[in-house]
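Start counting the sequence shown at 6; every next residue gets the next number (my numbering). Notes follow once the structure below has been shown.
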Amino acid sequence: MVTAAAAALALGGVMLASQARAADVSVLYAGSLVNLMEHGIGAAFDASSGDHFVGYAGGSNALANQIKGRLRRADVFVSASPKVNDALTGAANGNWVSWYVTFAKSPLLIAYNPRGRFAAELRSKPWYEVLREPGIRIGRTDPALDPKGRLTLQLLQRAEQVYHQPGLAQAVLGAPNNPAQVRPEESLAGRMQSGQLDVGFFYSTEATDLKLPSIKPAPEVATGAIYTATILRDAADPAGAARYVNFLLGEPGQAVLHRHGLQTVAPVLAGDKATVPAAVHFR
């Protein structure tokens, strides 16, 4: 028979174990995932693990530069492009990343303000014609700081070839860092919602979360984000980081990704498999 004292002792042990396990898990993540991370994955991870998700969003390249320059420290890094990890791999780059896993994709879409003056045309005319019209307000991210900005340029350059529209990219975007269009990734959605933009280049997860009408480019010009996750070399809480990555790759995390418009993929490991913590489990 279990006495009240023994039950209290056992309960206290469980509570102490839970308290010992609970931790702040710091995650630097691509700005296109703000709503997913802050209102989807973060809350679900907290409820599942007892830990506390602490996230910071930014352009993937910008975040990589901050990691490399020791301006930001985190346990986990979630990028919108596998190539970003290369800037953190190897001795010359500080060995911040030795492995990463691809876990989801998100096509790049042309989203538009349903109340904007170009909305009707975007529903009835080729998008590449409408985007050349005078006065249209376009928003995008900086290709030097964010993979989405680079993919936007790539999309327009492909469209030039496919639709036989020489000079299309220059006519629509201007210079790669055109200050009339380029905005920080974390503020682009707000500008669209407030009516400051007519058109913006967003991933499908963003368009889904913002409930924005959008145009999906034809397969021959389409491009998009490929999301990766890794645990950084100087993670303050490697065990908490492993729990976070496991949640992201597991069925509960994958279900949240689906709800936010991401296309999940079977995890693919890149880098040095021997350096993947034993606590990280791939399906």
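For every residue, glycine included, the Cβ atom is placed at its ideal position computed from N, Cα and C.
(request) Please classify Pro-184: is it buried, with 16 or more other beta-carbons within 10 angstroms of its beta-carbon, or exposed? (result) exposed
(message) DSSP three-state label for Gly-258, please.
(response) helix
(message) Quick check: is the beta carbon of Phe-252 nearer than 8 angstroms to any beta carbon in chain C?
(response) The structure shown has no chain C; it contains just one protein chain.
(message) Could you check whether the region 172 to 180 touches the region 246 to 264, counting it as contact only if at least three pairs of C-beta atoms, one from each stretch, sit closer than 8 angstroms?
(response) no
(request) With Ser-31 as the anchor, note down where its alpha helix (DSSP H) starts and where it stops. (result) Here Ser-31 belongs to no alpha helix (DSSP H); instead the beta strand (DSSP E) covers 29 to 35.
(request) Below 8 angstroms CB to CB, which residues in the same chain sit around Leu-160 once its five sequence neighbours on both sides are set aside? (result) Leu-113, Phe-206, Pro-222, Val-226, Ala-227 and Thr-228
(message) Let me make sure I understand the geometry here. Which of Asn-98, Arg-155 and Ala-109 has the alpha-carbon closest to that of Leu-253?
(response) Ala-109
(request) Measure how close the beta-carbons of Ser-37 and Thr-210 come, nearest whole angstrom, since I'm counting them as under 8 angstroms. (result) 7 angstroms
(request) For Glu-190, count neighbouring Cβ atoms within 10 angstroms of its own Cβ and tell me buried if that reaches 16, exposed if not. (result) buried
(request) List the endpoints of the continuous alpha helix (DSSP H) containing Gly-47. (result) 47 to 54
(message) What does the alpha-carbon distance come out to for the pair Gly-55 and Ala-27?
(response) 5 angstroms
(request) Measuring alpha carbon to alpha carbon, tell me which of Asn-40, Val-106, Val-83 and Ala-48 ends up nearest His-286. (result) Val-106
(request) Please list, in chain order, all residues of the same chain as Gln-71 whose beta carbon is under 6 angstroms from its beta carbon, the five residues on each side excluded. (result) Arg-77
(request) Alpha carbon to alpha carbon, how far is Thr-269 from Gln-259? Give it in angstroms, no decimals. (result) 7 angstroms
(request) Give, in chain order, every unbroken run of the beta strand (DSSP E) that is at least 3 residues long and sits entirely within the region 173 to 240. (result) 204 to 208 and 229 to 236
(request) Please go through the same chain and pick out, in chain order, the residues whose beta-carbon is closer than 8 angstroms to the beta-carbon of Val-281, but skip the five residues on each side of it. (result) Trp-104 and Leu-274
(message) Closest to Tyr-133 by C-alpha separation, out of Val-167, Lys-73 and Val-59, would be which residue?
(response) Val-167
(message) Can you find the residues in the same chain that come closer than 7 angstroms, C-beta to C-beta, to Ala-271, ignoring five residues on each side of it along the sequence?
(response) none
(request) Would you tell me roughly how many angstroms separate the C-alpha atoms of Ala-85 and Ala-194, rounded to the nearest one? (result) 17 angstroms
(request) Would you identify the three-state DSSP class for Tyr-133, choosing helix, strand or coil? (result) helix
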